[in-house]
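Let me begin by presenting the structure, written as structure tokens, before commenting on it.
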Amino acid sequence: MKVYRRCTKCGKSKPITCFNMRRYQLMISYRSCCRTCDAIRKVAYRLALKQRALLAYGGKCACCLASDIEFLTIDHIKGGGQQHRRMIHCKPGDQFYRWLYEHKYPAGYQVLCFNCNSAKGFYGYCPHNKAQDMIEPTSERPVERTNVRTTN
Ligand SMILES: [Zn+2]
Ligand SMILES: [Zn+2]
Ligand SMILES: [Zn+2]
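The working numbering numbers the first residue of the sequence shown as -16 and each following residue consecutively.
This is how it looks when you write it as structure tokens:
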């Protein structure tokens, strides 16, 4: 005989095997919502945590102003993000966003999109910034010489 349990989230009755199990010493308990709902909730929680961190640091890429949350990451402004994360025993991603949250979003971080972040990590600069430098007007612009002809 199969044991069914009603999920508190989606309201469906599902076999007990569709629920995540927890073990407390000799006691076994099942989650009140099914695995499907558990997974959805986990994704939503992670997304919310990320969104909170991103909003705390401006909500868009500090370089190109992209604001699609899926592309955005938190960047350690002075670099050394990896060492820092190792120091606080954090893996990049969820744990790091959690760490930021628990430390009330400390200064020294900025939001960068995936493109700008990897360009910075790989080349040490972002092509967006490079383009800006090139636009900067240079004072030594070659002046067109007009040949002044003297007519006799
Ligand atoms: Zn469910
Ligand atoms: Zn960007
Ligand atoms: Zn950029």
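Positions of the beta carbon are idealized from the N, C-alpha and C atoms, including for glycine.
The model shown is predicted, which means the values in this text are computed figures rather than measured ones.
- Within the DSSP bridge table, the entry for H59 names Y92 as partners.
- With fewer than 16 other beta carbons inside 10 angstroms of its own, F105 counts as exposed.
- The closest CA to that of L38, considering only F79, T0 and Y88, is found on Y88.
- In the structure shown, C20 falls within a helical segment according to DSSP collapsed to helix, strand and coil.
- Shown in chain order are the residues whose CB sits closer than 5 Å to a heavy atom of ligand 2: C44, C46, C47, A49, C96 and C99.
- The continuous beta strand (DSSP E) containing S(-4) extends over residues S(-4) to P(-2).
- For F105, the enclosing alpha helix (DSSP H) has its first and last residue at F97 to Y106.
- If you look at Y84, you'll find it isn't in any beta strand (DSSP E); it sits in the alpha helix (DSSP H) that goes D77 to E85.
- A direct Cα-Cα distance of roughly 19 Å separates P(-2) from M10.
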